[in-house]
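With the first letter of the sequence shown counted as 1, position 533 gets the number 965 in this note's numbering; the numbers rise by one all the way through. Glycine included, C-beta positions come from ideal geometry on N, C-alpha and C. Comments concern the structure below.
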Amino acid sequence: MCLTIISYNLIIKEAQNFCKNQLKKLFNKGRFMAITCYSLGAAEEVTGSKHILEIDGRSFMIDCGAFQGKRAEADKKNRDFGFPPEKIESVILTHAHYDHCGLLPVLVKDGYDGNIYATPATRDLANIVMMDSARIQARDAEYLAKQANKKGDKFTWKPLFTESDCAKAANQIVCVSYNRNMYIAPDVQLEFFDAGHILGSAFAFITVSGQKRNRITGKRDGVSSTSMSFWHKLFGFKTSKTKGSVVTGEAAIQNNPDDDIRILYTGDLGRIGKPIVRDPAVNMPAPDYIFLESTYGNRLHESQKLAINDLVRIVRRAIDRKGKIIIPSFAIERAQELVYYLHLLVDQKRIPKIPIYVDSPMAANATGIFQLHPECYDEETNEAFLKHHKNPFGFGELTTITSVDESKALNKKDGPMIIISADGMCEAGRVLHHLANNIGNPNNIVLLVGYMAENTLGRKLMDGQKEVKILGDLYKVQADVETINAFSAHADYKEMLEWLKKIDTSRLKQIYLVHGEKDAQEYFSKYLKENGFENTIVKYGENYTLD
Ligand SMILES: [Zn+2]
């Protein structure tokens, strides 16, 4: 048995070394005469989003997310990027979730000093996400060091990054609003389109021009032969956003849209009809390649209407039992959405007035940022709130808690009440204390409203485990555990197909599936093929040629 484990570990190690060596070889080669893409995270998994786009040897990174899940394993993966940061020319950030932006401070600490492109709302939210993580890590390090000291153990663990690394990363972010096409390098244009996932979330639409085909061989000549200077292009000409993308001015003579390669990275794809944010954009020029997320590749969400009915039922049950509802929630978007819905239900008198606590300093900060970016709101939010000079994120029954003392005081208060607290997968943060204090009482309800990655405490609760470890101690799960999936910020597989059908796919050559667990991706891949969309499941470190 022991030998089997050792040999299994050896095989894994060998495989990892092989991938790393392959990557090193690719870097050492220097210039590629083609466009290639490979994934350093979110390949056959849902965290650690990191994709490298190589254009004739120049490297562009799309997202720089942290791995989450099994602590020690995630920590190791987060410390070792497996490639040199100084090779990267630019970073493009699709949105502010930790699994997409969480390692930007590490990248900067390790020597990356280039631009990080993001929408203004993403910049602001990413700043609080990175900072929050740095603070949690610093506190963890302090706590664990003290514990080790008591036992006389040696303690060497250090946080992945510090607050000053976050400040450095923030300083490298260059804001690009939605629908503002711009050159980020010679022959490389970037345009953000609304992804409808969270505030500021964007599809990164990358157009690589000058990839001319040899008229005789039909092959690309590789590095651009365009004589136009970068600066000339940057300030003088613009690509139109109509179908088939017409290039105007001098560029029309020099560049032919057929010579462009257009790559669409969805980041995370949102849903139609979500509150606050707009629906996912469908007005992009036709892409040649799509890197498509697949988190819910094998699942369908309940309808929003049924979900609201479920929420009403759960709140009423807690009121009858005088219990507490603990809702582990992402501090960004989900917390604001829950407040939005509860506000609506109280207004409509579908639920009685009940104290609601948002216990998360990060959620409080995020709410402030939501208020700063009305340019991201959908028409319904404008209609319901802005036009009536109302605050979409505040009402009488709501208390926002930031101090630790106020948070602890909630333990002593009697139900009924609703406590919304981060983090969403129950891996860190104040929600752990609320779970530890309330999970043993059958009058209470734990309401799960987000995606729970494998091996997280949230997933264990969702899977119905009767005993769970919280902050190092074992607890019996006596409280009801309820799940509402309809609040998901990710499209389900039917919604993803619907979106694909709405966009211009006249040039589409291949869809690359990323950001999904194996089962979900296999199901989704088959489903897309049955519906006429060729696709490939991206493997970690494997090289994909885009020509
Ligand atoms: Zn996301």
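- Straight-line measurement puts the Cα of L472 at about 14 Å from the Cα of G699.
- Chain order is used for the residues whose beta-carbon lies nearer than 5 Å to a heavy atom of ligand 1, namely H529 and D700.
- Bridge pairing for I902: D905 [DSSP].
- Per the DSSP secondary-structure output, A550 pairs in a beta bridge with C607.
- Cβ neighbours of N870 within its own chain (closer than 7 Å, five residues either side excluded): K756, I758, N876 and A911.
- Three or more Cβ pairs drawn from the region 529-544 and the region 490-500 lie within less than 8 Å of each other, which places the two stretches in contact.
- Using a C-beta cut-off of 8 Å, the region 723-736 makes contact with the region 943-950, since at least three inter-stretch Cβ pairs fall below that distance.
- Taking all protein chains in view, the Cβ of Y530 is crowded by 16 or more other Cβ atoms within 10 Å, so the residue is classified as buried.
- By the neighbour-count definition (other C-beta atoms within 10 Å, threshold 16), L631 is a buried residue.
- With contact defined as three or more Cβ pairs closer than 8 Å, the region 858-865 and the region 797-816 are not in contact.
- Between R749 and E927, the CB-CB gap reaches or exceeds 8 Å.
- Secondary structure of D912 (DSSP, three-state): strand.
- Under DSSP, C469 takes part in a beta bridge, and its partners are L485 and Y976.
- Beta bridge pairing from DSSP links L945 with L724 and I969.
- The beta carbon of S792 sits closer than 6 Å to the beta carbons of A763, S853 and A854 from its chain, once the five residues preceding and following it are set aside; these are given in chain order.
- Ranked by how close their Cα comes to the Cα of V863, the residues N873, K840 and G847 have K840 in first place.
- When only Cα atoms are considered, K933 and G964 end up about 10 Å apart.
- Between the region 965-974 and the region 470-489, the count of Cβ pairs shorter than 8 Å is three or higher; the stretches touch.
- The residue from G514, I520 and R731 with its alpha-carbon nearest to that of G489 is I520.
- A residue is called buried once 16 or more other Cβ atoms fall within 10 Å of its Cβ, and V540 is buried on that count.
- The beta carbon of V913 sits closer than 6 Å to the beta carbons of V878 and L893 from its chain, once the five residues preceding and following it are set aside; these are given in chain order.
- Per the coordinates, the alpha-carbon of D742 lies some 21 Å from the alpha-carbon of N873.
- Counting C-beta atoms within 10 angstroms of its own C-beta, H820 has fewer than 16 neighbours from the protein chains shown and is therefore classed as exposed.
- I746: member of the alpha helix (DSSP H) spanning Q736 to R753, first to last residue.
- Separation of F635 and S491 (C-alpha to C-alpha, rounded to the nearest whole angstrom) is 19 Å.
- With contacts defined as CB atoms closer than 8 Å, S609 and Y728 fail to qualify as a contacting pair.
- As DSSP reads the structure, S761 sits in no beta bridge.
- Taking a contact to require three or more Cβ pairs closer than 8 Å, the region 598-615 and the region 541-552 qualify as touching.
- Per DSSP, reduced to three states, the secondary structure at F817 is coil, with no helix or strand assignment.
- In the DSSP annotation of this structure, the continuous segment of the alpha helix (DSSP H) that includes D531 starts and ends at Y530 to C533.
- One alpha carbon belongs to N823, the other to L929, and they sit about 35 Å apart.
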